[in-house]
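Here's the structure we're looking at; comments come further down.
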Amino acid sequence: MPAPVLSYKDIRVSFATEFGDVDAVKGVSFEVMPGEVVAVVGESGSGKSVTSSTAMGLLPESASVQGEVLLEGRNVLKMSTAELRRLRGSDISMVFQEPMTALNPVLRVSDQLVEALQVHEVAFGGKALEKSIELLERVGIPEARTKIRQYPHQFSGGQRQRIVIAMAIACGPKVIIADEPTTALDVTVQAEILDLLRELKQELNTGILLITHNMGVVADMADRVVVMLNGEVVETGPVAKILGHPEHPYTRRLLAAMPLLREAGDPSLEREQEQERVRVTERAARETSHRAAAGMSSGAASPAPAALEAKDVALEYKFRRKATRVVHDLNFTVQPGEIMGLVGESGSGKSTVAKAVLGLLDVAEGELRVRGENMPALPSKQKKALKREIGVVFQDPAASLDPRFPIGDIITEPMVVHKEGDKDSRMARARELLDAVRLPSSVLNRYPHELSGGQRQRISIARALTLNPTLLIADEPTSALDVSVQAAVLELFSELQQHYGFACLFVSHDLAVVDSLAHKVLVMQNGRTVEQGTTDQVLRHAKESYTQQLLAAAPVPNPETQARRRTERQRLLAALG
Amino acid sequence: MTRYIIRRLLQFIPVILISTLIVYALVFAIPGDPIRALAGDRPMSDAVRETLREQYNLDDPFLIQYFKYIWGIVTALDFGSTFNGRPVTDIIQQRLPVTATLALVTLVIQTLMGIIAGILAALYRDRFFDRFVQVSTVAMVALPTLVIGFLLQLIFGLNLGWFPIAGVNNGVSSYILPALTMAAVSTGILARLVRSELLDSLKSDYVRTATAKGMKRSRVITRHGLRNSLIPAVTFIGADLASMLGGSIIVETIFNLPGLGQQVFASIQGQEGTVVVGIVTLFVLFFVVINLIVDLLYGLLDPRIRYE
Chain W
1 MPAPVLSYKD IRVSFATEFG DVDAVKGVSF EVMPGEVVAV VGESGSGKSV
51 TSSTAMGLLP ESASVQGEVL LEGRNVLKMS TAELRRLRGS DISMVFQEPM
101 TALNPVLRVS DQLVEALQVH EVAFGGKALE KSIELLERVG IPEARTKIRQ
151 YPHQFSGGQR QRIVIAMAIA CGPKVIIADE PTTALDVTVQ AEILDLLREL
201 KQELNTGILL ITHNMGVVAD MADRVVVMLN GEVVETGPVA KILGHPEHPY
251 TRRLLAAMPL LREAGDPSLE REQEQERVRV TERAARETSH RAAAGMSSGA
301 ASPAPAALEA KDVALEYKFR RKATRVVHDL NFTVQPGEIM GLVGESGSGK
351 STVAKAVLGL LDVAEGELRV RGENMPALPS KQKKALKREI GVVFQDPAAS
401 LDPRFPIGDI ITEPMVVHKE GDKDSRMARA RELLDAVRLP SSVLNRYPHE
451 LSGGQRQRIS IARALTLNPT LLIADEPTSA LDVSVQAAVL ELFSELQQHY
501 GFACLFVSHD LAVVDSLAHK VLVMQNGRTV EQGTTDQVLR HAKESYTQQL
551 LAAAPVPNPE TQARRRTERQ RLLAALG
Chain L
1 MTRYIIRRLL QFIPVILIST LIVYALVFAI PGDPIRALAG DRPMSDAVRE
51 TLREQYNLDD PFLIQYFKYI WGIVTALDFG STFNGRPVTD IIQQRLPVTA
101 TLALVTLVIQ TLMGIIAGIL AALYRDRFFD RFVQVSTVAM VALPTLVIGF
151 LLQLIFGLNL GWFPIAGVNN GVSSYILPAL TMAAVSTGIL ARLVRSELLD
201 SLKSDYVRTA TAKGMKRSRV ITRHGLRNSL IPAVTFIGAD LASMLGGSII
251 VETIFNLPGL GQQVFASIQG QEGTVVVGIV TLFVLFFVVI NLIVDLLYGL
301 LDPRIRYE
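As they're listed, the protein sequences go chains W and L. First residue of the first sequence: 1, per the numbering used here; consecutive thereafter. First residue of the second sequence: 1, per the numbering used here; consecutive thereafter.
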């Protein structure tokens, strides 16, 4: 049996804070073999990043570490600064989460790569530059010879992550610690980066310590899995066992919380489709009776107005009188009580659409009808009245709640803005909404920072519902949350939607989340509509190749299925050329 | 880039026109008769006074005076002359080198001291040197320039005898004490600015990447940390260099340096509008040029900034 390349033995880390010592890691042990991928999974605060950084000596000064980290038998924790420095980047290297900030913005890529080689005396000068170009070519940067002279901001997020990986493999490391290497990336880019890491691992026989919260990524990459919770390892084993037959209740909970992108034939689908049929028929019946009540013959024009309707909408951003069109010919309808998922990768224009519906961006062309009225064309007074009908939930609950407002004021502010109710009725409404989002009314006088991320997002949802809107805009409402928290928030969201019956434009990059929630889906790419239809049509019987690529790239938390999906994806990409 | 510079240069025209107009109006608004002030206690015949007033357009309405002044500059590069008949350009030529030297020495002192102190304070955060910088910068900012000037004269000029305390007859060493006086406040602010910017930058992801590469801490700081934290410092130094001309009025008076600051002060007292406007216009021009240079420096420091 080969010796492990990296092993953690009873690692304990505590941080000195002004409120005394805090134990972040409480006795963690595991090993990484050469050429093996070990995934450490856990939610925020589980200590997974802290544990792995001990191998690089990258923890802040306030941390004290006990135990042993053996890199090929040598204890890293006992090393002097100089020894540790020789180790970093040569024997063990790191790939970080944020490719946008991991590279120095003011230095050329060539300088940053050459530097990595020169520090460890692998190559110097012209030779180092040649080697750097080879590295860039290896990680799949086209035209590496000319591109290497550019600055990081001239590359896309995925390319930057490739550059970071090039840097990490520059000196032929024995182990690479990849800390959420694809979390900040689009799903198709994520699949490419994971492919690259897999190839490099096989080529260099490097051990990879993969830190992630995404079970799909685990299924795609890992040989073995370490599950962490509150600084302790709760379960460890081969990937098939952990994902297939988890023993620890926390692992089970974590897996159950993962939103699933279901494939055609999934048993849960039939039930849902039945419900959907009922919903559509009921709506049709309601409309007919509506019309009958209004004394109109059925079949004649003027059905109940859609909650939101876009007709040939074009949107543009203006900078110094130069307009850049970012959304073209957008057409869609969201009926009352319907959830439409707006899906796309970064730069697709999906958030821009949400912005326009909220009236934060002028519509360059076309009509944007809210309950039948073209909102952008209305005089400002009527526009304001119509805006009452639109609620909004943003991505980051920490940033979208005013830190100096108590929760009660946050929830009632829409009523204040629209001069509705008095002090008492507003507070009563706030209590009612807190109850609806299942928070105790005692949080009324608290401030956002006193609540957890999930609780804050519940507050955001409560605020969005204050005026009982007919339309809710949700822009990536769960992307900043942990999986288990996301599951709870999504469930709540779904219940609230059924209870209040609002229509919803649900913007998301996560196909699985959209699958669990939306009635229909619109896929965008580069500002254009690729495909739209019912959730089942788009996510399980996609016609367009871009939608197929998106679907194929989303990893599922089952190693066997994922392996099959990977080959299918590669076949699809090969077929597309 | 060239187009950007040309556009910025064109913007100078309205800035200079408006600022000269304001200065002209202020001098015009000073009560009293400049010609009478010129004569002092000596009697002056009405005829002489009338001639002088006419010669300097003092009887025209304000806007006409201003227009004649600008017209003179544009058509004949005539910046006017003092009541003694000395051309303003002459005065500027004579006095500019003194103020320029003072500003340059000040700039060197405050940039070096401020940046070095800031870096060291950031590196030895919460240790003795950091605390020392923090406390001494508060003291520097709190003390009036006048007091700092007199203290420096007393200690380094009179007691230790290292530097001359007044005049400009000893080359660069004459400028050391005045420059230190001028630099005192800005050095303190600059040190604090560099300290906090560098601390921020040391927390950034790319510094972590550089550390993870196995680079020495000193290299990480100089190569990756420092350059990113210098942009705010450059902004500050630019703005400060421009405001130095204001500071020079006090400092040149304390140390008796025959520079532009001293001249402006004297000319305001003598209500010699043309001299005041001439020198202030020069200051304004200098200010906008410095600003342009600072903006161009951003582009050098940060490749993400592009000019169109």
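All residues carry an ideal CB built from backbone N, CA and C; glycine is no exception.
Identity of the residue in the options nearest residue i by Cα
i	options	result
W:GLU560	W:ARG160, W:ASP220, W:ALA399	W:ASP220
W:TYR585	W:LEU572, W:HIS328, W:GLY237	The question about residue 585 of chain W has no answer here: the residues shown for chain W are numbered 1 through 577.
L:GLY225	L:GLY214, L:ARG208, L:PHE236	L:ARG208
W:LEU496	W:LEU472, W:VAL507, W:GLU476	W:LEU472
W:MET340	W:VAL25, W:GLU263, W:HIS519	W:HIS519
L:LEU301	L:ALA233, L:GLY85, L:GLY270	L:ALA233
W:VAL225	W:GLY347, W:VAL32, W:VAL95	W:VAL32
W:SER53	L:PHE129, L:THR211, L:VAL185	L:THR211
L:LEU177	L:GLY80, L:SER81, L:ILE148	L:ILE148
W:PHE30	W:ALA55, W:VAL313, W:GLU83, W:GLU43	W:ALA55
W:ARG286	W:ALA304, W:ASN230, W:GLU272	W:ALA304
W:LEU465	W:ILE165, W:ILE390, W:LYS350	W:ILE390
W:SER601	W:GLY57, W:VAL363, W:ASP111	Past the boundaries of the shown model lies residue 601 of chain W; chain W is included only from 1 to 577, so the question cannot be answered.
W:THR324	W:SER425, W:THR251, W:ASN526	W:ASN526
Through-space distance from residue j to residue i, alpha-carbon basis
i	j	result
W:GLU592	W:THR412	Past the boundaries of the shown model lies residue 592 of chain W; chain W is included only from 1 to 577, so the question cannot be answered.
L:LEU146	L:ILE250	8 Å
W:GLU199	W:ASN205	10 Å
W:GLY577	W:GLU568	14 Å
W:LYS355	W:PRO414	18 Å
L:GLY167	L:ASP205	52 Å
W:ASP482	W:PRO557	16 Å
L:LEU77	W:LEU358	59 Å
W:LEU361	W:LEU194	37 Å
W:GLN457	W:SER494	14 Å
L:VAL289	L:VAL15	12 Å
W:PRO469	W:ALA264	34 Å
W:PRO152	L:LEU143	45 Å
L:VAL74	L:MET1	28 Å
W:GLN275	W:VAL353	29 Å
L:SER201	W:ALA102	12 Å
L:GLN269	L:SER248	17 Å
L:GLY157	L:PHE129	27 Å
L:ALA183	L:GLY246	13 Å
W:SER132	W:LEU209	24 Å
W:GLY47	W:ASN104	27 Å
W:ARG253	W:ALA39	18 Å
W:ALA301	W:PHE332	The predicted model places W:ALA301 with a pLDDT of 49, which falls under 50 and marks its position as unreliable, so this point remains unresolved.
W:GLY299	W:ARG283	Here the model assigns W:GLY299 a pLDDT of 48, short of 50, so the residue's position is not dependable, and the following value carries that caveat. When rounded, the distance between both Cα atoms is 15 Å.
W:LEU6	W:SER90	14 Å
W:ARG565	W:VAL393	33 Å
Closer than 7 Å at the beta carbon, the chain B residues around residue i
i	result
W:GLY89	The structure shown contains no chain B; its protein chains are W and L.
(request) Taking only beta carbons into account, state which residues of the segment 334 to 361 of chain W come closer than 8 Å to chain L, listed in chain order. (result) none
(message) For a minimum of 4 consecutive residues, which ranges assigned as the alpha helix (DSSP H) are wholly contained in the segment 442 to 480 of chain W?
(response) 453 to 465
(message) Under 7 Å, CB to CB, which of the residues in the segment 191 to 207 of chain L have a partner in chain W?
(response) SER204, ASP205, TYR206
(request) Could you list the residues in the segment 212 to 230 of chain L with a C-beta less than 7 Å from some C-beta on chain W, going in chain order? (result) ALA212, LYS213, GLY214, MET215, LYS216, HIS224, ARG227, ASN228
(message) Can you confirm whether the segment 14 to 28 of chain W touches the segment 61 to 68 of chain W when touching is taken to mean that 3 or more C-beta pairs between the two stretches lie within less than 8 Å?
(response) yes
(message) Does the structure place the segment 103 to 123 of chain L close enough to the segment 240 to 249 of chain L that three or more beta carbon pairs sit under 8 Å?
(response) yes
(message) My parser needs the alpha helix (DSSP H) runs of 4 or more residues fully inside the segment 187 to 268 of chain W; what are they?
(response) 187 to 204, 215 to 221, 239 to 244, 249 to 257
(message) Please give me, in chain order, every unbroken run of the beta strand (DSSP E) with length at least 3 that falls completely inside the segment 23 to 68 of chain W.
(response) 37 to 41
(message) Three Cβ pairs or more, each shorter than 8 Å: is that satisfied between the segment 177 to 188 of chain W and the segment 546 to 555 of chain W?
(response) yes
(message) For a minimum of 4 consecutive residues, which ranges assigned as the alpha helix (DSSP H) are wholly contained in the segment 94 to 142 of chain W?
(response) 99 to 102, 109 to 119, 125 to 138
(message) Using a Cβ-Cβ cutoff of 8 Å, what residues of the segment 183 to 215 of chain W are near chain L? List them in chain order.
(response) none
(message) I'd like the ranges of any alpha helix (DSSP H) spanning at least 4 consecutive residues and lying wholly in the segment 73 to 110 of chain L.
(response) none
(message) Please identify, using Cβ separations under 8 Å, the residues of the segment 41 to 60 of chain W that lie next to chain L, in order along the chain.
(response) MET56, LEU58
(request) With 7 Å as the limit, tell me which residues of the segment 94 to 113 of chain W have their beta carbon closer than that to any beta carbon of chain L; keep them in chain order. (result) MET94, PHE96, GLU98, THR101, ALA102, LEU103, ASN104, PRO105, VAL106
(request) Could you name each continuous alpha helix (DSSP H) segment of 4 residues or more that falls completely within the segment 184 to 237 of chain L, going from the start of the chain to the end? (result) 205 to 212
(request) Assess, as a yes-or-no matter, whether the segment 421 to 434 of chain W is touched by the segment 474 to 481 of chain W under the definition of 3 or more beta carbon pairs within less than 8 Å. (result) no
(message) Any contact between the segment 79 to 88 of chain L and the segment 267 to 283 of chain L? By contact I mean 3 or more CB pairs, one from each, below 8 Å.
(response) yes
(request) Determine which residues of the segment 362 to 373 of chain W have a Cβ less than 7 Å from any Cβ of chain L, and write them out in chain order. (result) none
(request) Please go through the segment 340 to 426 of chain W and give each complete alpha helix (DSSP H) segment of 4 or more residues, from N-terminal end onward. (result) 350 to 357, 380 to 387, 397 to 400, 407 to 417
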